[in-house]
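Data block below; observations after.
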Amino acid sequence: MAENRIEVTFSTTAGDLTDFFPVNQPLHALKREVMARLKLDPSQADQFVVTLAGNPLDEGKSLGALGVAEKAVLVIERREVVKI
Amino acid sequence: MDVETVRAKMLAQVEAARASALARAFAWSFDIDVLSVYVSLIPRRRPEPVYLLRVTFDDFPRRAPSYIFVDRTTKRETENAWPPGVRHGGPPPGICTPGTREFHEHLHRGDSQYQWDPDRYTFVATLAEIHRLTERAIGA
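Here the protein sequences come in this chain order: A and B. For the first sequence, the positions run 39 to 122 when the working numbering is used. For the second sequence, the positions run 13 to 152 when the working numbering is used.
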């Protein structure tokens, strides 16, 4: 049976990635995949959070469980702001 | 570098930011005035308060752009135009984050860890950090 997917854009300061992502996969796994595809080091994934409309998402949940809508823009951003 | 070349390089930075999905996520709009760009920063989780950031690209990319909060109505520099706790140093006041002229030339002048690099500290990346810094400052 074909995996259920929705179109989502992940956005970072290094670029954007729009694709069809599985709705049942945990977000933390998608984050690592997206970071790798954007040439960001996935081993640093814990330093980044995924937000929707400024709200950090529970990365243990899937896009489906989080109710992420088709064509949503999710931002992968640093956990802490860069303030020296 | 002549003004037209600097302006072309500024417009390339603005276009890259406008094309980024971050512009949608942060609801940025860009108002260009010669070598300056005005960007309204609206917290993502609530509609107020709104701050107006003026980014001046004179001498870009040799020097980092200047990022200063200005009054939303008059577009003049005032202390009240700044989010609480974001205004550092002065004169001139600045935002203490890499990518801003005030950071590289004043607040962290001579800091070899954070030398100005236009390819590393792009407009879109610096803008996103300042937006997040502003949200953090107002507890949004």
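All C-beta atoms, glycine included, are put in the ideal place defined by N, C-alpha and C.
> What is the DSSP secondary structure of Thr-86 (chain B), reduced to helix, strand or coil?
Replying inline: coil
> Between the C-alpha atoms of Gly-122 (chain B) and Trp-128 (chain B), what's the straight-line distance to the nearest angstrom?
Replying inline: 10 Å
>> What does the Cβ neighbour count give for Met-13 (chain B), buried or exposed, with the cut at 16 atoms within 10 Å?
In response: exposed
>> Measuring CB atoms only, is the stretch 98-113 of chain A touching the stretch 74-81 of chain A, in the sense that at least three cross pairs come out at less than 8 Å?
In response: no
> If you draw a straight line from the C-alpha of Lys-21 (chain B) to the C-alpha of Glu-89 (chain B), how long is it?
Replying inline: 25 Å
>> So, at 6 Å on beta carbons, what are the nonlocal neighbours of Pro-110 (chain B) in its own chain, with the 5 sequence-adjacent residues on each side left out?
In response: Tyr-126, Tyr-133
>> What does the Cβ neighbour count give for Val-62 (chain B), buried or exposed, with the cut at 16 atoms within 10 Å?
In response: exposed
> Tell me, which residues are paired with Thr-47 (chain A) by DSSP?
Replying inline: A:Thr-56, A:Val-111
>> Which runs of the beta strand (DSSP E) at least 3 residues long sit entirely within the stretch 59-125 of chain B? Give them in chain order.
In response: 63-68, 78-82
> So, is Thr-89 (chain A) buried or exposed, given that buried needs 16 or more other C-beta atoms within 10 angstroms?
Replying inline: buried
>> Measuring straight from C-alpha to C-alpha, what distance separates Met-39 (chain A) and Ala-31 (chain B)?
In response: Only weak support exists for where Met-39 (chain A) lies, its pLDDT of 48 falling under 50; the coordinates are left without a value.
> Can you give the Cα-Cα distance for His-143 (chain B) and Arg-113 (chain B), rounded to whole angstroms?
Replying inline: 17 Å
> Nearest chain B C-beta to Val-72 (chain A) closer than 7 Å, yes or no?
Replying inline: no
> Whole-angstrom Cβ separation of Val-98 (chain B) and Ala-140 (chain B), contact assumed at under 8 Å?
Replying inline: Wrong, their Cβ atoms sit about 15 Å apart, outside the cutoff.
> Leu-53 (chain B) and Thr-146 (chain B): beta carbons closer than 7 Å?
Replying inline: yes
>> Assuming Val-88 (chain A) is part of the beta strand (DSSP E), what are its boundary residues?
In response: 86-90
> Taking the alpha-carbon positions, what's the Arg-70 (chain A) to Ala-91 (chain A) distance?
Replying inline: 20 Å
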